[in-house]
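2 protein chains.
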Amino acid sequence: MSAPEEYMHEAIRLAAEGVARGDGGPFGALVVKDGEIVGRGWNRVVTDQDPTAHAEMVAIREATRRLGVWHLEGCELYTSCEPCPMCLSAAYWAHIGRIYYAASEADAAAIGFDDGAIREELARPSEARHLPRQQLLRQQALKVFAAWVQSPLKRPY
Amino acid sequence: MSAPEEYMHEAIRLAAEGVARGDGGPFGALVVKDGEIVGRGWNRVVTDQDPTAHAEMVAIREATRRLGVWHLEGCELYTSCEPCPMCLSAAYWAHIGRIYYAASEADAAAIGFDDGAIREELARPSEARHLPRQQLLRQQALKVFAAWVQSPLKRPY
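As they're listed, the protein sequences go chains A and B. Residue numbers for the first sequence, in the working numbering: 271 to 427. Residue numbers for the second sequence, in the working numbering: 271 to 427.
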């Protein structure tokens, strides 16, 4: 078990490694459970051609795969920068217990990563968002919901 | 080039396939570019033990990998249910141009998928959120930001 500062140093080291490789933005993250690092990641958006490959997502996915679970109760997320709304939402879906971060959202915006625009969009009522959206075939989708509710294979998460 | 309803039928069919396999929640999604389906996904949270493996994320990742890009300008996302905040944020990061959805967030909540709680958390000022958070070592992270800004390998996205 190390101090939070030691884990954060490691998250920042991963960010630097990603920068040295040219894999994407300057961000690194760790998942820690009971004092052990169970997931590591750095931003790989460019190398993986994957807009979802933020450091926190990579670290969360590695942790759940390694632990064989789809929730990370009792785990801490260390990230070298305040999570964007995608990563923060993923932390909620993963049931992360605490987040440590180093740089702030404003620091990221200052170098061109404008998470704030997404945050503002999400805060708007859905009909006021800029991304055009249209609803279709709701009843057909509800039939699949009903099939899931009845399914013996259902595993709520 | 098919009508939007035909693509949505396919997204709903993928949702049903995921339910039949027991892979996760009853959700399917497609990415369409110039009338061609370039990414498909259904929810695989349970099977992949991956809390980020929502249908839209799987479809976006397949589309960018297949097209060899990390943005999906001009693409449409078809999803059998209104995207959660994680998936909606990913759609913004991916530069998706339009979203079609079938079931609503309220429909998902009615069968136990409470995206609304995450949406409410994100809407709160960061200091008022329930997930505990703490800032550490900001200056060290900013050094890595500076290294990225100077890097010849930098590829803004």
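Where a beta carbon is used, it is the ideal one built from N, C-alpha and C, also for glycine.
Taking residue 294 of chain B as reference, the option from B/303, B/316, B/355 and B/332 with the minimal CA-CA separation is B/316.
Around residue 295 of chain A, the beta-carbon contacts reaching into chain B at under 8 Å are 418 and 427. Counting C-beta pairs with one atom in each stretch, the segment 306-320 of chain B and the segment 374-387 of chain A have fewer than three that are closer than 8 Å, which means they do not touch. Counting the other Cβ atoms within 10 Å of the Cβ of residue 410 of chain A gives 16 or more, which makes it buried. Secondary structure remark: continuous alpha helix (DSSP H) runs of at least 4 residues inside the segment 315-382 of chain B, in chain order: 325-337, 355-363 and 375-380. Three or more pairs of CB atoms, one per stretch, sit closer than 8 Å, so the segment 290-308 of chain A contacts the segment 331-351 of chain A. By the rule that beta-carbons nearer than 9 Å mark a contact, residue 424 of chain B touches chain A.
Interface annotation, residue 352 of chain B: in contact with chain A, CB-CB separation under 9 Å. Per DSSP, residue 295 of chain B lies in no beta strand (DSSP E) segment and is marked neither H nor E. Membership of residue 386 of chain B in the alpha helix (DSSP H) is indicated by the continuous run 385-393. Within chain A, 408, 411, 412 and 415 have C-beta atoms less than 9 Å from the C-beta of residue 377 of chain B, given in sequence order. Residue environment for residue 347 of chain A: buried (at least 16 other C-beta atoms within 10 angstroms of its C-beta). At a C-beta separation below 7 Å, residue 355 of chain A has these neighbours in chain B: 355, 359 and 392. Scanning its chain for C-beta atoms nearer than 6 Å, with the 5 sequence neighbours on each side dropped, one finds around residue 352 of chain B the residues 371, 374 and 375, in chain order.
Look at residue 305 of chain A here: in three-state DSSP terms it is coil, with no helix or strand label.
Contacts with chain B at 9 Å (Cβ-Cβ) include residue 374 of chain A. Assignment of beta-bridge partners to residue 299 of chain A by DSSP yields A/311 and A/349. Across the set A/305, A/291 and A/345, the C-alpha of A/291 shows the shortest separation from the C-alpha of residue 312 of chain A.
A residue is called buried when at least 16 other Cβ atoms come within 10 angstroms of its Cβ; residue 284 of chain A meets this threshold and is buried.
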